[in-house]
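Asker: Could you have a look at this structure, given as structure tokens, before my questions?
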Amino acid sequence: MSSRTFPLEKRSENPEISPQGSLKRELRGFRTDAEHGRGLRALSIATVAAMASALALIFFYAPIEAEEGFLQKIFYLHVPLAIITLCGFVIGGILAIVHLRTRDRRWDLRSYVAIHMSLIFGVGTLITGSIWARGSWGHWWVWSEPTLVSFLIVMLLYATYQPLRFAIEDPERQARYASVFAIVAGAFVPLNFLAVRLSTEYLHPRVLGSSSNLPAPMAFTFLVSLVAMTLLYATLYSYELTAKRTRMLLKARSRILGFQGASTPRTGRAGSSPERAVPAAAPREVATPITTSASAPLRLPCSRRRSPVARTTATWRLPTSCSSRSFWSMWRSWRFG
Amino acid sequence: MSATPTPSRALAPLTREASPPTTPAGQTAPPRISRRPPGIWATVGALLRKELLVELRTLESVPGMSLFAVTTFVVFHFALNQNTVSGDEAAGILWVTLLFAAMLGINRLFVADQDQGGFDAFLLAPVDRSAMLLAKALALLAYLAVLELIAVPAFGLLLLAPPLHQTLPDLLLVLVLADVGIAAIGTLVAALAVQTRARDLLGPLLALPLLVPVVIGAARASSPLLVLTRAGGHVDPSQVRWLATLALYDLVFGLIAYAVFDFLLED
Numbered sequence: 419m420s421s422r423t424f425p426l427e428k429r430s431e432n433p434e435i436s437p438q439g440s441l442k443r444e445l446r447g448f449r450t451d452a453e454h455g456r457g458l459r460a461l462s463i464a465t466v467a468a469m470a471s472a473l474a475l476i477f478f479y480a481p482i483e484a485e486e487g488f489l490q491k492i493f494y495l496h497v498p499l500a501i502i503t504l505c506g507f508v509i510g511g512i513l514a515i516v517h518l519r520t521r522d523r524r525w526d527l528r529s530y531v532a533i534h535m536s537l538i539f540g541v542g543t544l545i546t547g548s549i550w551a552r553g554s555w556g557h558w559w560v561w562s563e564p565t566l567v568s569f570l571i572v573m574l575l576y577a578t579y580q581p582l583r584f585a586i587e588d589p590e591r592q593a594r595y596a597s598v599f600a601i602v603a604g605a606f607v608p609l610n611f612l613a614v615r616l617s618t619e620y621l622h623p624r625v626l627g628s629s630s631n632l633p634a635p636m637a638f639t640f641l642v643s644l645v646a647m648t649l650l651y652a653t654l655y656s657y658e659l660t661a662k663r664t665r666m667l668l669k670a671r672s673r674i675l676g677f678q679g680a681s682t683p684r685t686g687r688a689g690s691s692p693e694r695a696v697p698a699a700a701p702r703e704v705a706t707p708i709t710t711s712a713s714a715p716l717r718l719p720c721s722r723r724r725s726p727v728a729r730t731t732a733t734w735r736l737p738t739s740c741s742s743r744s745f746w747s748m749w750r751s752w753r754f755g
Numbered sequence: 046m047s048a049t050p051t052p053s054r055a056l057a058p059l060t061r062e063a064s065p066p067t068t069p070a071g072q073t074a075p076p077r078i079s080r081r082p083p084g085i086w087a088t089v090g091a092l093l094r095k096e097l098l099v100e101l102r103t104l105e106s107v108p109g110m111s112l113f114a115v116t117t118f119v120v121f122h123f124a125l126n127q128n129t130v131s132g133d134e135a136a137g138i139l140w141v142t143l144l145f146a147a148m149l150g151i152n153r154l155f156v157a158d159q160d161q162g163g164f165d166a167f168l169l170a171p172v173d174r175s176a177m178l179l180a181k182a183l184a185l186l187a188y189l190a191v192l193e194l195i196a197v198p199a200f201g202l203l204l205l206a207p208p209l210h211q212t213l214p215d216l217l218l219v220l221v222l223a224d225v226g227i228a229a230i231g232t233l234v235a236a237l238a239v240q241t242r243a244r245d246l247l248g249p250l251l252a253l254p255l256l257v258p259v260v261i262g263a264a265r266a267s268s269p270l271l272v273l274t275r276a277g278g279h280v281d282p283s284q285v286r287w288l289a290t291l292a293l294y295d296l297v298f299g300l301i302a303y304a305v306f307d308f309l310l311e312d
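Protein sequence lines correspond, in order, to chains A and B.
The numbering used here applies: residue 419 is where the first sequence begins, and numbers increase by one.
The numbering used here applies: residue 46 is where the second sequence begins, and numbers increase by one.
Take a look at the structure:
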């Protein structure tokens, strides 16, 4: 992560608040923003190498466990996934604390991406855990295993992170509220594990949960697999962060070029409640006088509030990302115009 | 609570609704210009009084919560097809009902402030913002206390197999500890959810997972109290553990709510 400041990124996040800067400043922002993908290649190669060696160790080096047989090998995927998921949730909370202390929106973006990636890893954890439970205990779900239950509760809590976040219109308030949620939920993770652990008698002794009393080849495989999963998380995190910044860059660039619709999907519904329309409406008029006059003769009768140019920008944004954030914003822009 | 007509209001009857209520002290002595801002407890007292006054005048939350709880007991009777319950089952029914009834109050906790400008008025005042959290949590605690005053006897009357009077003294501690947790988390979640578009949906979605440990602790602590043949005067060590867990959870989430609540009240 580069330590430079990205003036463009901070401004392009909420274009309706930031004043329109000079073109020179914007272009200087582009040059720094072009360095966002730095280090991604090395990270990706390291991840691929680590994953390959971890899989090779799992399948060819680690001994087959006496009681559970081949199925036990899912442990090398499942437990690192779970550890990384929970660490990602806690890290998201810590990044949110930094956001609330510094009021720098980039930390909120990092916290969001960390939690987003952890959610994806968490779904993987639940699936692999279910497979393992089915294989070794005969049921897809076991209530008497406290780790499973507390993990499910944590996942249910974090599943509301994105609905909460995208149900708030104002970008600044959205970042603040999401950070508050991330902090509370991050603190909830260890507490919940404590409470659920207390509530149930152990079905299994914690043999498989800790690497301390594993035989040496298994412990080694587990550690390599943990490192590989961490690298995978870091790579996906960096890719997602870069994708988000690039999308903001594209938005800002099309805003400079005068595409009116480039900023409308996020602010399109801001006028629904009267008290929020007041701060949002005034700077937007300042920001887009040229575009409205330029695109007014081009506007087709069927397009209600956006120019045809804007419609094309919204459409080609489709393949650039498959993350849920862009899904929600696209869905909103299509549904509500 | 009707205000007695004061001389200034009698002189200006047309401004009676619009003018803020003046205290008798304010009439005898002219108001000083530079006054120290009120301390946090004075603010909490004023806000709490406002909350309870609004609730007394509108009767928006508590009657609905209580009626919901009693209706839910009836629904449980038909859904489970049992006339009396005891033990784990009784604890589960009691806590699920109380939790969902509390959810109704949590959903409505900040709605009036959001819709009618209470937040703006509060932010204009030179007072500590944590006072809002404390006052709202205390108000929610009061709602929950009134709810339980109605719901727990109704539960004893409608569903509970062992007589209520012999379990009530021990149950009281569990109720208080769980209520503190519900009030702290509920206030925080209500403040989070009230600014969103889907606030009625997001409030329970956020609150239920956060309150799962409270339900675990409260249900496990109260289920040995609700069994039919209970050895009197003997305290289960596991119950003490559950009460300690509840108290710890209350403390930690009270502190977390206190730490982050200011960030929810900034605009």
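All C-beta atoms in this analysis are idealised placements derived from N, C-alpha and C, irrespective of residue type, glycine included.
Computed from a predicted structure; not experimentally measured.
On the criterion of 16 or more Cβ atoms from any shown chain inside 10 Å, does S283/B qualify as buried, or is it exposed?
Answerer: exposed
Asker: If we ignore side chains and look at the alpha-carbon of each, how far apart do G150/B and A180/B end up?
Answerer: 15 Å
Asker: Do L518/A and F308/B have their CB atoms nearer than 8 Å?
Answerer: yes
Asker: Measure the alpha-carbon distance for T543/A versus P198/B and round it to whole angstroms.
Answerer: 44 Å
Asker: Does the Cβ of T103/B have 16 or more other Cβ atoms within 10 Å, making it buried, or fewer, making it exposed?
Answerer: T103/B is classed as exposed because its beta carbon has fewer than 16 other beta carbons within 10 Å across all chains shown.
Asker: Starting from the C-beta of T465/A, find all residues in its chain whose C-beta is less than 6 Å away, skip the five residues before and the five after it, and write them out in chain order.
Answerer: L649, L650 and T653
Asker: Can you tell me whether A243/B is buried or exposed, with buried defined as 16 or more other CB within 10 angstroms of its CB?
Answerer: exposed
Asker: If P498/A and L644/A are in contact, beta carbons under 8 Å, what's the gap, nearest whole angstrom?
Answerer: Yes, they are in contact, since the Cβ atoms of P498/A and L644/A sit about 4 Å apart, within 8 Å.
Asker: According to DSSP, what are the bridge partners of E483/A?
Answerer: G487/A
Asker: Give me the Cα-Cα distance between E134/B and L192/B, rounded to the nearest whole angstrom.
Answerer: Taking the straight line joining both Cα atoms gives about 21 Å.
Asker: Between the beta-carbon of P237/B and the beta-carbon of Y595/A, is there less than 8 Å?
Answerer: Here the sequence assigns Leu to residue 237/B, which means Pro is not the residue at that position. The answer is yes: Cβ separation under 8 Å.
Asker: For A301/B, go through chain A and note every residue whose CB falls closer than 8 Å to its CB, in chain order.
Answerer: Looking at the sequence itself, residue 301/B is Ile, so the reference to Ala does not match. Ordered by position in chain A, the residues that pass the 8 Å Cβ test against I301/B are I601, V602 and A605.
Asker: Between which residues of its own chain and G553/A is the CB-CB distance below 8 Å, once the five residues before and five after are set aside?
Answerer: Here the set comprises E486, L489 and I492.
Asker: Please state whether DSSP places L609/A in a helix, a strand or coil.
Answerer: helix
Asker: Where does the unbroken alpha helix (DSSP H) through V107/B begin, and where does it stop?
Answerer: V107 to L125
Asker: Expressed to the nearest angstrom, what Euclidean distance is found between the alpha-carbon atoms of Y303/B and A266/B?
Answerer: 27 Å
Asker: Would you mind listing the alpha helix (DSSP H) stretches within the stretch 626 to 679 of chain A that are 4+ residues and don't spill past its ends, in chain order?
Answerer: For the stretch 626 to 679 of chain A, whole alpha helix (DSSP H) runs of length 4 or above, ordered along the chain, are 634 to 675.
Asker: Please list, in chain order, the chain B residues whose beta carbon lies closer than 8 Å to that of I571/A.
Answerer: P254 and V257
Asker: Pick from M666/A, S548/A and L513/A: whose alpha carbon is nearest that of A603/A?
Answerer: L513/A
Asker: Can you list, in chain order, the residues of its chain whose CB lies under 7 Å from that of Y294/B, leaving out five sequence neighbours each side?
Answerer: Counting only Cβ-Cβ distances below 7 Å, and skipping sequence neighbours, we find G226, P258, V259 and G262.
Asker: Please determine, among G132/B, L270/B and L203/B, the residue with the shortest C-alpha to C-alpha distance to T123/B.
Answerer: Note on identity: in this sequence residue 123/B is Phe, with Thr being the wrong assignment. Comparing Cα-Cα distances from F123/B to each of G132/B, L270/B and L203/B, the minimum goes to L203/B.
Asker: Taking the CB atoms as reference points, tell me whether D312/B and R591/A lie closer together than 8 Å.
Answerer: yes
Asker: Just to make sure I have the definition right: I need the residues of chain B whose C-beta is within less than 8 Å of the C-beta of R594/A. Which are they?
Answerer: F308, L309 and E311
Asker: With a threshold of 7 Å on Cβ separation, who are the neighbours of W140/B within its own chain once the five nearest residues in sequence on each side are excluded?
Answerer: V260, A263 and A264
Asker: Given that V297/B touches chain A, what residues does it touch there, using C-beta distances under 9 Å?
Answerer: Contact note: V297/B reaches chain A through A605 and L609, using a C-beta cutoff of 9 Å and chain order.
Asker: Helix, strand or coil for L204/B? Go by DSSP, reduced to three states.
Answerer: coil
Asker: Strictly under 8 Å for the Cβ-Cβ distance: is L668/A near chain B by that measure?
Answerer: no
Asker: Closer than 7 Å by beta-carbon distance: list the chain B residues that pair up with L574/A, in chain order.
Answerer: P254
Asker: If I measure Cβ to Cβ from E100/B and keep anything under 8 Å in the same chain, skipping five residues before and after, which residues do I get?
Answerer: These residues qualify, in order along the chain: S106, V107, A184 and Y188.
Asker: Roughly how many angstroms lie between the CA atoms of Y530/A and R671/A, to the nearest whole one?
Answerer: 23 Å
Asker: Who pairs with V130/B in a beta bridge, going by DSSP?
Answerer: BP columns for V130/B point to L205/B.
Asker: Given that a residue counts as buried once 16 or more other Cβ atoms are within 10 Å of its Cβ, and exposed if not, what is A600/A?
Answerer: buried
Asker: For W559/A, name the three-state secondary structure that DSSP assigns.
Answerer: coil
Asker: May I have the straight-line CA-CA distance separating G676/A from L667/A, to the nearest angstrom?
Answerer: Straight-line Cα distance between these residues: approximately 14 Å.
Asker: What residues of chain A sit near V119/B, judged by a beta carbon separation below 9 Å?
Answerer: Within 9 Å Cβ-Cβ: nothing; V119/B doesn't reach chain A, min ~28 Å.
Asker: Over the uninterrupted alpha helix (DSSP H) stretch that includes R519/A, give me the two end residues.
Answerer: F493 to T520
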